Ligand SMILES: [Zn+2]
């Protein structure tokens, strides 16, 4: 199983300069290839392939104004074209939005090196165009005898440097199968709510940190554009708080997903697509969305490691209004109603009931195939939940 190990490192001034140059070239090449592909499609309805962009890169390097592209390792530039290809593949498969340009301020600085562009010997990693190995903080050991196949160097908005090594990890083996299944729903007041009735809270200090983030963002908004030092300081503060929230959250999500995957054979989640998420771009909402896709990503790769199954079911309408005991649908369910009692006598916690419905739908999906959601039934109907293939039109 391939697995990524991420560490902080501290570059020398020369290494930092080389990497900053490389990040800039990666962005330049990505953006030029994106605009070439966009133009070809808009003007001539032509699809430009990865190979065609690769030929363009060769040509760009021969021109005078882009000769500086030759100064950095060619591998991260090729990888940028591959990433663009993936972005287009996802776009054409309707899994993602149209690729966007990378901006110096908003995009994460990152460069990817494949085996021809780095040397890994005796636990020391040296990148192309560098004389010295990187000074890496090995916060946890790489698996015995691991050989990285891909190395990604990045710098976050607070200026911290990271290196991620993709290695084959022979220590990951499937867990013994068990018969447990769980429905996992994104709660309103909780990070997730489980069909077992358990409610998992947000990471510690998150509420206070979010308030601090909101204050720092208001402060940043008040500083007029181009005001220099004060504005830069305010921006750094926002970045620092944001980084703290995401670090704590990542930690929290790692622990949660490991436990859920260990305990359950089948894990049912709601399939929130990118397109459902883009409407409301408030900072709080952005954090929740990011957390959910991160949660799903972690759950899916850990499930793959340990031989578990993740079932994503389409969002279905009456998940809160449907009684998970008798299948009756309530007429109205205002958001403030947290607990309700059905005509059949069952009393439900709103979120737990929704997670139970999710689980039932997911188990039906894993039996009869993908893209299924429960059919809506009138109150007083039969308890058996009839399934119908009916994809939500988006
Ligand atoms: Zn009922």
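In the numbering used here, the protein residues as written are 112 to 505.
Just so you know, even glycine gets a beta-carbon here, dropped at the ideal spot from N, CA and C.
Computed from a prediction, not measured in an experiment: that's the story for all the values here.
Is residue 127 helix, strand or coil by DSSP?
helix
What does the Cβ neighbour count give for residue 226, buried or exposed, with the cut at 16 atoms within 10 Å?
exposed
According to DSSP, simplified to helix, strand and coil, what is residue 294?
strand
Taking all protein chains shown into account, decide if residue 121 is buried (16 or more other Cβ within 10 angstroms of its Cβ) or exposed.
exposed
Let me see if you follow: with CB-CB separation under 8 Å, is residue 176 close to chain D or not?
Here there is only one protein chain, and chain D is not present.
Relative to ligand 1, is the shortest distance from any of its heavy atoms to the C-beta of residue 465 smaller than 7 Å?
no
With respect to the beta strand (DSSP E) encompassing residue 275, which residues constitute its N-terminal and C-terminal limits?
272 to 279
Less than 8 Å between C-beta atoms, sequence neighbours within five positions excluded: which residues of the same chain meet that for residue 258?
231, 278, 279
Which residues does DSSP list as the beta-bridge partners of residue 165?
Bridge partners of residue 165: none, in fact.
Can you tell me which residues fall inside 6 Å of ligand 1, judged by beta-carbon distance to its nearest heavy atom, and keep chain order?
434, 436, 437, 439, 453, 455, 457
What span of residues does the alpha helix (DSSP H) with residue 194 cover, start to end?
185 to 203
Out of 364, 357, 254, state which residue places its alpha-carbon closest to the alpha-carbon of residue 303.
364
Do the CB positions of residue 324 and residue 372 come within less than 8 Å of each other?
no
Own chain residues within Cβ distance below 8 Å of residue 271, not counting five before or after:
119, 354
Taking the alpha carbon of residue 249 as the reference point, which residue from 362, 239, 275 has its own alpha carbon closest?
275
What is the DSSP secondary structure of residue 459, counted as helix, strand or coil?
strand
Between the stretch 149 to 160 and the stretch 234 to 250, are three or more C-beta pairs nearer than 8 Å?
no
I think residue 164 touches residue 130, with their Cβ atoms under 8 Å apart; what is that distance to the nearest whole Å?
Contact flag wrong, Cβ pair sits at about 23 Å.
How would you write the range of the alpha helix (DSSP H) that residue 362 sits in, first residue to last?
340 to 374
Within the same chain, show all residues whose beta-carbon is closer than 8 Å to that of residue 308, passing over the 5 residues directly before and after it, in chain order.
460, 463
Considering just the uninterrupted stretch of the beta strand (DSSP E) at residue 322, what are its terminal residues?
Per DSSP, residue 322 belongs to no beta strand (DSSP E); it is in the alpha helix (DSSP H), 317 to 333.
Please classify residue 184 as buried or exposed, where buried requires at least 16 neighbouring CB atoms within 10 angstroms.
buried
In terms of residues, what are the limits of the beta strand (DSSP E) holding residue 265?
259 to 266
Return the chain-ordered list of same chain residues with a C-beta closer than 6 Å to the C-beta of residue 172, the five sequence neighbours on each side being excluded.
180, 181
Can the beta-carbon of residue 328 be found less than 8 Å from the beta-carbon of residue 349?
yes
For residue 418, which of 287, 209, 297 has the nearest alpha-carbon?
287
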